[in-house]
Amino acid sequence: MGFYYDFENADAFATGAIGTPGERTFYMQVRADGRTVSVKCEKQQVAALAQYLRNMLADMPDTTGSVNNSTATLQNPVEQDFVLGSVGLGVDRSNMRMVVQLEEMILVEEDDDDVFDLLDEDDEDEDPSTVVRVLLTPAQARAFCDTADLFITAGREECKWCGSPINPSGHACPRFN
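Note that our numbering has the sequence shown beginning at 68, numbered continuously upward.
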């Protein structure tokens, strides 16, 4: 059975990467009331979430406030709580908050009858995945997007001929073969 974390007043919603370009591990992190949940994810998931949050911000009334990017960076030590599966997004217009739901990826093997039995049941109390729900202020969402941009663009240099990333050990460009 997984856990359900509900952060209605998060102190921070952060993203970042650990490691060298080409070998980085990306994380999202939620912090509130002394509790920290760190979720391992893919670079593309961070980029997609940042893009969707920007689209949501564009549809909300202008609430330009101070953006504190320090709340959008990872706090060490980063200890992975789970690996990100699906992401849900919503808007709570009455409170001017964006709702982000991060759900754990559950890998099942074909012969794992216990998990399939659990997934077939209608009892929501027995959900095997961990879920994190966080309500973000527009300023927190903007800070997350800005920080995500920094980490996404800080990757490996792209080959000017084929667009593939260049590893520190070199690059075999298919255009020169």
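Beta carbons are placed, not taken as given, at the ideal position from N, Cα and C, and that holds for glycine. Just so we're clear, the structure is a prediction, and the values are computed from it rather than from any experiment.
Segment limits, beta strand (DSSP E) that includes residue i
i, result
"GLN147", "147-159"
"ARG102", "102-108"
"GLN96", "92-99"
"PHE74", "71-74"
"LEU174", "Per DSSP, LEU174 belongs to no beta strand (DSSP E) and is neither H nor E."
"ALA139", "Segment: none, ALA139 is in no beta strand (DSSP E) and carries neither H nor E."
"THR82", "79-85"
"ARG200", "198-203"
Residues of its chain near residue i, where Cβ-Cβ distance is below 6 Å and the 5 sequence neighbours each way are ignored
i, result
"PHE74", "VAL97, ALA99, VAL201"
"VAL198", "TYR71, GLU170"
Residue burial classification, residue i (beta-carbon count within 10 angstroms, cutoff 16)
i, result
"GLY83", "buried"
"MET165", "buried"
"THR214", "buried"
"VAL167", "buried"
"ALA115", "exposed"
"GLU171", "buried"
"LEU174", "exposed"
"LEU203", "buried"
Cut-off 7 Å between Cβ atoms - residues of its own chain near residue i, not counting five sequence neighbours on either side
i, result
"PRO235", "GLY89"
"LYS107", "THR92, TYR94, GLN147, VAL150, LEU151"
8 Å CB neighbourhood of residue i in its chain, flanking five on each side removed
i, result
"PRO128", "MET163"
"GLY152", "GLU170, GLU171, MET172, ILE173, SER196"
"ILE233", "ARG223, GLU224, GLU225, CYS226"
Exercise. Which ranges would you report for the alpha helix (DSSP H) in the region 209-238 if only whole runs of at least 4 residues count?
Worked result: none
Problem set entry | Cβ contact (3+ pairs, closer than 8 Å) linking the region 139-148 and the region 103-113 | yes
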